[in-house]
Amino acid sequence: MPVVTLKLLKGAFSQEKTQQMMDGVTDAIAATAGEYIRPHTVVIVEEVSDGLYSSGGHKVTLKTIDALRAREEKSMK
25 MPVVTLKLLK
35 GAFSQEKTQQ
45 MMDGVTDAIA
55 ATAGEYIRPH
65 TVVIVEEVSD
75 GLYSSGGHKV
85 TLKTIDALRA
95 REEKSMK
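Residue numbers for the sequence shown follow this note's numbering, so the first one is 25 and each next one is one higher.
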């Protein structure tokens, strides 16, 4: 039984987006391993407090996520 943990910055994503990520991970595992594994796939979301998350040695905050989201939305216009 696959168990996947998603660690997300608390408040960075809506419940809807978080559910979409969980569903996407489950879909990817089922597509790779076979549909029989879908009902046995566990996805756990752990939320990390703002300021306690880094990537590449740089602190990632809600402000960082908001800036990335705004940049993506601007590029799609």
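C-beta: ideal position from N, C-alpha, C; glycine also.
Straight-line gap, residue i to residue j (C-alpha atoms, nearest Å)
i	j	result
His-64	Lys-34	26 Å
Lys-98	Tyr-77	25 Å
Arg-62	Ala-36	27 Å
Met-100	Ala-54	31 Å
Val-72	Ser-38	14 Å
Asp-90	Glu-96	10 Å
Secondary structure of residue i, DSSP reduced to three states
i	result
Thr-29	strand
Strand pairing of residue i, partner residues [DSSP]
i	result
Lys-104	There is simply no residue 104 to check, as the chain begins at 25 and stops at 101 in what is shown.
Residue i vs residue j beta-carbon contact at 8 Å
i	j	result
Val-67	Leu-30	yes
Thr-42	Val-69	yes
Contacts around residue i, its chain only, beta-carbon distance under 6 Å, and the 5 residues preceding and following it disregarded
i	result
Val-27	Val-66
Val-49	Val-28 and Val-67
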